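Colleague: Protein chains in written order, with this note's numbering: chain A, 1 to 142; chain B, 143 to 284; chain C, 285 to 426; chain D, 427 to 568.
Using N, Cα and C, we set each Cβ at its ideal position, and we do this for glycine too.
Bear in mind the structure is a predicted one, so any value in this text is a computation, not a measurement.
Structure below; questions to follow.
There are 4 protein chains.
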Amino acid sequence: MHTENEAYIVRTQRSFNRQPAMHALNAELVVKSPGSVEITFPYMAQFTQQNDYMHAGILSTILDSACGYAALSIAPEDADVLTVEFKVNLLRPGVGDTFKAIGQVVKAGKTISVADATLYSSTLGESKPVATMTATIMNVYK
Amino acid sequence: MHTENEAYIVRTQRSFNRQPAMHALNAELVVKSPGSVEITFPYMAQFTQQNDYMHAGILSTILDSACGYAALSIAPEDADVLTVEFKVNLLRPGVGDTFKAIGQVVKAGKTISVADATLYSSTLGESKPVATMTATIMNVYK
Amino acid sequence: MHTENEAYIVRTQRSFNRQPAMHALNAELVVKSPGSVEITFPYMAQFTQQNDYMHAGILSTILDSACGYAALSIAPEDADVLTVEFKVNLLRPGVGDTFKAIGQVVKAGKTISVADATLYSSTLGESKPVATMTATIMNVYK
Amino acid sequence: MHTENEAYIVRTQRSFNRQPAMHALNAELVVKSPGSVEITFPYMAQFTQQNDYMHAGILSTILDSACGYAALSIAPEDADVLTVEFKVNLLRPGVGDTFKAIGQVVKAGKTISVADATLYSSTLGESKPVATMTATIMNVYK
Numbered sequence: 001m002h003t004e005n006e007a008y009i010v011r012t013q014r015s016f017n018r019q020p021a022m023h024a025l026n027a028e029l030v031v032k033s034p035g036s037v038e039i040t041f042p043y044m045a046q047f048t049q050q051n052d053y054m055h056a057g058i059l060s061t062i063l064d065s066a067c068g069y070a071a072l073s074i075a076p077e078d079a080d081v082l083t084v085e086f087k088v089n090l091l092r093p094g095v096g097d098t099f100k101a102i103g104q105v106v107k108a109g110k111t112i113s114v115a116d117a118t119l120y121s122s123t124l125g126e127s128k129p130v131a132t133m134t135a136t137i138m139n140v141y142k
Numbered sequence: 143m144h145t146e147n148e149a150y151i152v153r154t155q156r157s158f159n160r161q162p163a164m165h166a167l168n169a170e171l172v173v174k175s176p177g178s179v180e181i182t183f184p185y186m187a188q189f190t191q192q193n194d195y196m197h198a199g200i201l202s203t204i205l206d207s208a209c210g211y212a213a214l215s216i217a218p219e220d221a222d223v224l225t226v227e228f229k230v231n232l233l234r235p236g237v238g239d240t241f242k243a244i245g246q247v248v249k250a251g252k253t254i255s256v257a258d259a260t261l262y263s264s265t266l267g268e269s270k271p272v273a274t275m276t277a278t279i280m281n282v283y284k
Numbered sequence: 285m286h287t288e289n290e291a292y293i294v295r296t297q298r299s300f301n302r303q304p305a306m307h308a309l310n311a312e313l314v315v316k317s318p319g320s321v322e323i324t325f326p327y328m329a330q331f332t333q334q335n336d337y338m339h340a341g342i343l344s345t346i347l348d349s350a351c352g353y354a355a356l357s358i359a360p361e362d363a364d365v366l367t368v369e370f371k372v373n374l375l376r377p378g379v380g381d382t383f384k385a386i387g388q389v390v391k392a393g394k395t396i397s398v399a400d401a402t403l404y405s406s407t408l409g410e411s412k413p414v415a416t417m418t419a420t421i422m423n424v425y426k
Numbered sequence: 427m428h429t430e431n432e433a434y435i436v437r438t439q440r441s442f443n444r445q446p447a448m449h450a451l452n453a454e455l456v457v458k459s460p461g462s463v464e465i466t467f468p469y470m471a472q473f474t475q476q477n478d479y480m481h482a483g484i485l486s487t488i489l490d491s492a493c494g495y496a497a498l499s500i501a502p503e504d505a506d507v508l509t510v511e512f513k514v515n516l517l518r519p520g521v522g523d524t525f526k527a528i529g530q531v532v533k534a535g536k537t538i539s540v541a542d543a544t545l546y547s548s549t550l551g552e553s554k555p556v557a558t559m560t561a562t563i564m565n566v567y568k
């Protein structure tokens with residue numbers, strides 16, 4: 001049975017909880033399955049740009065964590081993960097009541113993995129894609 | 143004579159000042175010349191990831207603003223700018239006393255411009271490149 | 285009834301047929317539905333790199349066309365499309381008997397669209413993802 | 427004294443000469459210094475798209491080789507290089523008499539390196555930037 005006590009979930013959640021940036025953004029992680037995570041966070045006026053949209057970089061902060069934790073959830077036990085690079089496309093303004101990023105591993109390798117994430121905004125219950133990321137992630141063996 | 147009162151500088155600075163995210167990161171903008179800007183900001187523990195490095199997304203927030211304001215500084219007067227997409231490469235851990243992003247326009251077009259930015263960390267006076275961005279920016283005519 | 289004579293298919297196919305690069309790669313296009321296309325092409329030894337893999341740039345040539353024609357298939361009638369930028373991740377060596385790129389529009393806009401494509405190799409009937417692209421495409425009104 | 431017989435030049439040139447794709451594009455490599463190369467190639471009508479511009483993917487083929495050989499020229503002797511991913515921005519139409527790509531390493535690492543390349547077209551002696559690439563390259567130890 002799938003439980004929140006499984007080792008890969010505990011490990012991923014623990015690393016997430018050690019990220020001050022995720023606390024600053026009031027972000028919460030759910031590990032859905034090996035290689036797949038969701039991060040939710042609210043609209044926060046202090047992280048907007050000049051048009052009251054959430055700053056693209058702040059959205060990228062969540063997308064990067066979504067890709068990284070998707071990768072960490074299936075990384076070898078003796079490895080930590082590090083983002084090598086990412087690319088973000090902005091599809092719609094970053095407005096809404098809440099946001100959810102869904103991250104998943106596209107290809108897991110011994111050294112290099114690729115993960116994708118899509119960020120959705122939710123306004124009055126209606127959900128729309130706001131941004132996408134493709135990230136290259138490296139396993140760093142301890 | 144180059145002065146801080148030139149219209150393109152005033153306009154760029156004014157938009158920057160309206161970005162709450164830049165205030166949250168204690169960031170300061172200097173418009174160096176048409177198409178070229180610098181943004182400085184300090185290390186802030188609340189925006190780090192699990193290894194005490196500044197979160198890659200937070201660095202991207204500054205890099206995105208550096209690219210966007212470089213583009214805005216030479217955009218037509220009746221245009222605002224919007225980031226279409228960007229790509230970030232992480233070269234070194236985001237640690238240091240202070241950081242500086244240098245953004246410049248690579249190619250200005252009527253609709254689409256391309257800008258580059260490099261982020262440097264400074265530790266005890268020694269400067270090192272930490273991350274680079276290439277961004278595609280759209281002029282949105284009002 | 286869906287037929288190959290529908291206007292959007294005819295228009296997309298016609299533009300594809302005018303691309304000498306697609307002929308040079310022995311590539312064939314099938315427009316699957318509005319915003320979705322497939323391009324198939326064979327392994328060609330003359331377009332490999334030093335390890336006998338198809339060159340990443342050659343794979344990108346097909347991926348770019350897959351994204352561009354997905355976008356063209358739903359572009360306004362008075363618009364042509366132009367690639368603004370793309371990003372490619374290489375997942376596996378470009379080897380196999382034949383290749384197929386599946387391109388689809390992620391978000392269609394009046395000026396800017398975003399499309400994704402995945403390239404699969406097929407060896408003895410077994411299919412594997414080899415590379416992915418995300419592309420930003422501009423509608424250029426005539 | 428700098429000569430064409432230096433080991434890093436011989437090694438880089440030798441690998442380039444083993445790329446059939448570079449022969450197909452009539453491309454020629456010059457290793458300028460450790461971490462820096464140039465590749466020249468002519469306009470070839472058979473590799474164009476529907477507007478008689480060189481296909482963006484074909485330009486990317488040269489840019490990818492420029493980044494890869496810049497990286498190989500300073501890679502450890504027991505390592506080969508493999509492109510992990512790249513991003514291309516298209517600045518101007520790919521037209522001209524001849525093209526030159528200048529590739530250089532931005533940051534060399536033990537496992538991962540980052541390289542940049544810019545492609546210039548030359549028409550009647552006038553040179554203009556046509557496209558830029560940032561590539562992530564992996565050292566693969568034999």
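Mind pulling the chain C residues with CB within less than 7 Å of V226 (chain B)?
Modeller: Per Cβ cutoff of 7 Å: I396 and T420.
Colleague: Please determine, among A:A27, A:T61, A:F47 and A:E77, the residue with the shortest C-alpha to C-alpha distance to V10 (chain A).
Modeller: Here the closest residue by C-alpha is A:E77.
Colleague: Find out if the Cβ-Cβ distance for the pair K59 (chain A), L119 (chain A) is shorter than 8 Å.
Modeller: One point to set straight first is that residue 59 (chain A) is Leu, not Lys, in the sequence displayed. Closer than 8 Å, so yes.
Colleague: Give the residues from the region 212 to 238 of chain B that approach chain C closer than 9 Å (Cβ to any Cβ), ordered along the chain.
Modeller: Here the close residues are V226, E227 and K229.
Colleague: Taking 8 Å as the threshold, find out whether the region 310 to 321 of chain C comes into contact with the region 450 to 468 of chain D through three or more Cβ pairs.
Modeller: With a cut-off of 8 Å, the region 450 to 468 of chain D and the region 310 to 321 of chain C do not count as touching, because too few Cβ pairs lie within range.
Colleague: Residue ranges of each beta strand (DSSP E) run of no fewer than 3 residues wholly in the region 55 to 91 of chain A, ordered along the chain?
Modeller: Fully enclosed beta strand (DSSP E) runs of 3 or longer: 79 to 90.
Colleague: Exposed or buried, which one is D97 (chain A) when buried takes at least 16 other CB atoms within 10 Å?
Modeller: It counts as exposed.
Colleague: Assign E369 (chain C) to one of two classes, buried (16 or more other C-beta atoms within 10 Å of its C-beta) or exposed (fewer than that).
Modeller: E369 (chain C) comes out buried.
Colleague: Is there a C-beta anywhere in chain B that falls below 8 Å from the one on D64 (chain A)?
Modeller: Answer yes: the Cβ-Cβ gap between D64 (chain A) and chain B drops below 8 Å somewhere.
Colleague: In the DSSP output, which residue or residues are listed as bridge partners for F467 (chain D)?
Modeller: According to DSSP, which records beta bridges pairwise, F467 (chain D) is partnered with D:F525.
Colleague: Buried or exposed: where does L455 (chain D) fall if 16 or more other Cβ atoms within 10 Å of its Cβ makes it buried?
Modeller: Per the 10 Å Cβ criterion, buried.
Colleague: Taking 8 Å as the CB-CB cut-off, is V531 (chain D) touching chain B?
Modeller: V531 (chain D) does not count as touching chain B.
Colleague: Pull out every residue of the region 316 to 338 of chain C whose Cβ sits closer than 7 Å to any Cβ of chain D, in chain order.
Modeller: Those residues of the region 316 to 338 of chain C that come within reach of chain D (Cβ to Cβ, closer than 7 Å) are A329, Q330, F331, T332, Q333 and Q334.
Colleague: Is the Cβ of R18 (chain A) closer than 8 Å to any Cβ of chain B?
Modeller: Cβ-Cβ to chain B under 8 Å: yes for R18 (chain A).
Colleague: Could you please give the first and the last residue of the uninterrupted alpha helix (DSSP H) stretch that includes P304 (chain C)?
Modeller: From DSSP, the alpha helix (DSSP H) with P304 (chain C) extends over P304 to A308.
Colleague: Give me the residue from D:T474, D:G520 and D:K568 with the minimum Cα distance to P555 (chain D).
Modeller: Answer by Cα proximity: D:G520.
Colleague: CB-CB under 6 Å to A401 (chain C), same chain, minus the five flanking residues each way: which ones, in chain order?
Modeller: Same-chain partners within the cutoff: L347, A350, C351, A385, G387 and M417.
Colleague: If you reduce the DSSP assignment to three classes, tell me which class A7 (chain A) lands in.
Modeller: DSSP places A7 (chain A) in helix when its eight states are reduced to three.
Colleague: Excluding sequence positions up to five away, which residues of its chain have a Cβ less than 7 Å from the Cβ of S73 (chain A)?
Modeller: So the list reads Y8, T12, V31, P34, G35 and V37, once near-sequence residues are dropped.
Colleague: Grab me the residues of Q191 (chain B)'s own chain with a C-beta within less than 6 Å of its C-beta, minus the 5 sequence neighbours each way, in chain order.
Modeller: Closer than 6 Å at Cβ, skipping near neighbours: H197.
Colleague: Checking the sheet assignment: what are the DSSP bridge partners for P413 (chain C)?
Modeller: C:Y404, per the DSSP bridge assignment.
Colleague: State the CB to CB distance for the pair A447 (chain D) and A496 (chain D), rounded to an integer number of angstroms; the pair is presumed to be in contact (CB under 8 Å).
Modeller: So it is not a contact: roughly 17 Å between Cβ atoms.
Colleague: Based on Cα-Cα distance, which residue from B:T253, B:A187 and B:V230 lies nearest to G57 (chain A)?
Modeller: Nearest of B:T253, B:A187 and B:V230 to G57 (chain A), Cα basis: B:V230.
Colleague: Which residues does DSSP pair with S175 (chain B) in a beta bridge?
Modeller: Beta-bridge pairing links S175 (chain B) to B:S178.
Colleague: Using CA atoms only, rank isn't needed, just tell me which of D:I538, D:D478, D:R440 and D:Q472 is closest to V140 (chain A).
Modeller: The shortest Cα separation from V140 (chain A) among D:I538, D:D478, D:R440 and D:Q472 belongs to D:I538.
Colleague: If we define contact as Cβ-Cβ less than 8 Å, is D478 (chain D) a contact residue for chain G?
Modeller: Protein chains A, B, C and D are contained in the structure displayed, whereas chain G is not.
Colleague: Got a sec: is the Cβ-Cβ distance from T416 (chain C) to anything in chain A below 8 Å?
Modeller: Yes, T416 (chain C) lies at the interface with chain A (some Cβ there is under 8 Å from its Cβ).
Colleague: At a Cβ threshold of 8 Å, is G341 (chain C) touching chain D?
Modeller: Taking Cβ atoms only, chain D reaches closer than 8 Å to G341 (chain C), which makes this a yes.
Colleague: Between the C-alpha atoms of M44 (chain A) and M422 (chain C), what's the straight-line distance to the nearest angstrom?
Modeller: Their backbone Cα atoms lie some 32 Å apart in a straight line.
Colleague: Sorted by chain position, which residues of the same chain lie with C-beta nearer than 6 Å to A359 (chain C)'s C-beta, five sequence neighbours on each side aside?
Modeller: Here the set comprises V365 and N423.
Colleague: Chain B partners of A21 (chain A), CB-CB under 9 Å?
Modeller: What A21 (chain A) touches in chain B: Q188, F189, T190, Q191, M196, H197, G199 and I200.
Colleague: On the CB-based measure, 16 or more other CB atoms within 10 Å of its CB, does T123 (chain A) come out buried or exposed?
Modeller: Exposed, because fewer than 16 other Cβ atoms sit within 10 Å of the Cβ of T123 (chain A).
Colleague: From G143 (chain A) to S411 (chain C), what does the alpha carbon distance come to, in whole angstroms?
Modeller: Chain A is shown from 1 up to 142; residue 143 (chain A) falls before or after that span and cannot be answered.
Colleague: Given this structure, state the Cα-to-Cα distance separating M427 (chain D) from K391 (chain C), to the nearest angstrom.
Modeller: For M427 (chain D), the predicted structure reports a pLDDT of 47, less than 50, and the residue's modelled location is therefore unreliable. A value from the coordinates is still provided. Whole-angstrom Cα-Cα distance: 56 Å.
Colleague: Pull up the distance between the alpha-carbon of N147 (chain B) and that of R302 (chain C), whole angstroms please.
Modeller: Computed Cα separation, rounded: 53 Å.
Colleague: Could you name the residues of chain D that S299 (chain C) contacts, counting a contact when the two beta carbons are closer than 8 Å?
Modeller: The contacting residues are Q476.
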